[in-house]
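Per numbering that gives the first Met the number 0, the sequence shown starts with residue 0, numbered consecutively.
Don't be surprised by glycine CBs; every beta carbon is placed ideally from N, CA and C.
Have a look at the structure below, then the notes.
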Amino acid sequence: MATPGVSVRPLRELTGTADFNEVFLDDVVVPADAMIGAPGQGWAIANATLAHERTGVGAIVVKLRLAIDALIALARRVSVDGRPALDSDRVRDRIGQLTAEVEALSALTYANFTRWLRGGERQHDAAMAKLMFSELNLELARFAVELGGESGCWSRAIRMCSTTAAGRTNGCMRAPTRSPVAARRSCGR
Numbered sequence: 000m001a002t003p004g005v006s007v008r009p010l011r012e013l014t015g016t017a018d019f020n021e022v023f024l025d026d027v028v029v030p031a032d033a034m035i036g037a038p039g040q041g042w043a044i045a046n047a048t049l050a051h052e053r054t055g056v057g058a059i060v061v062k063l064r065l066a067i068d069a070l071i072a073l074a075r076r077v078s079v080d081g082r083p084a085l086d087s088d089r090v091r092d093r094i095g096q097l098t099a100e101v102e103a104l105s106a107l108t109y110a111n112f113t114r115w116l117r118g119g120e121r122q123h124d125a126a127m128a129k130l131m132f133s134e135l136n137l138e139l140a141r142f143a144v145e146l147g148g149e150s151g152c153w154s155r156a157i158r159m160c161s162t163t164a165a166g167r168t169n170g171c172m173r174a175p176t177r178s179p180v181a182a183r184r185s186c187g188r
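Structure, rendered in structure tokens:
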């Protein structure tokens, strides 16, 4: 990253953090002893790198579970029709649906990681996990705001979902584009 011609510019999020960077390569010359793979393998290496990065969403499952816990606490605090929101079938159903989606994402990331440990490909499921995480992150944030208004974002776990949702949903490529790409790749095409 210190090679002449490599420029890195952090991409700041609403939270002030910079989890992603833009990297520019202008007339970069890579010494032969610093090359990764053979000439012409750059795209395959880039895809393997993205698959590794996307596999990291498994660690995010813990944050999503914390957000679910915060949603439940919020549903106990706020009222719907004069009763705690958690007493509402609609609210319980929605929290249940979101919980099931978090657990499905967890299962997918464990399967993906296990396949990788056994020497298998992980690009296809990694793309699906990234898509699921991005969309679930956004849904958790939306439901928290729907349920509690401004107070829906008081919990740190939910605040992180809401302030990073747009960036995570649009990261790499927009979800409507990524979805067919993930589907084709999961079918081996």
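Which same chain residues end up closer than 7 Å to residue i when comparing Cβ atoms and leaving out the 5 residues on each side of it in sequence?
i, result
"Thr-98", "Ile-67"
"Arg-64", "Val-101"
If you draw a straight line from the alpha carbon of residue i to that of residue j, how long is it in whole angstroms?
i, j, result
"Ser-6", "Gln-40", "22 Å"
"Ile-59", "Glu-145", "23 Å"
"Ala-17", "Arg-8", "10 Å"
"Phe-23", "Pro-3", "11 Å"
"Thr-176", "Leu-130", "Unreliable positioning characterises Thr-176 in this predicted model, as indicated by a pLDDT of 48, which lies under 50. A coordinate reading is not provided."
"Leu-49", "Arg-117", "19 Å"
"Ser-78", "Glu-12", "32 Å"
"Ala-72", "Met-0", "44 Å"
"Pro-38", "Val-27", "15 Å"
Report buried or exposed for residue i, applying the criterion of at least 16 other Cβ atoms within 10 angstroms of its Cβ.
i, result
"Gly-148", "exposed"
"Ala-143", "buried"
"Leu-135", "buried"
"Leu-10", "exposed"
"Val-90", "buried"
Quick one: what's got a C-beta closer than 8 Å to residue i's C-beta in the same chain, skipping five residues either side?
i, result
"Ile-44", "Ile-35 and Gly-36"
"Asn-198", "Only positions 0 to 188 of the chain appear in this structure, which leaves residue 198 out of reach."
Give me the residue from the options with the minimum Cα distance to residue i.
i, options, result
"Val-101", "Asp-26, Trp-42, Asp-88 and Leu-139", "Leu-139"
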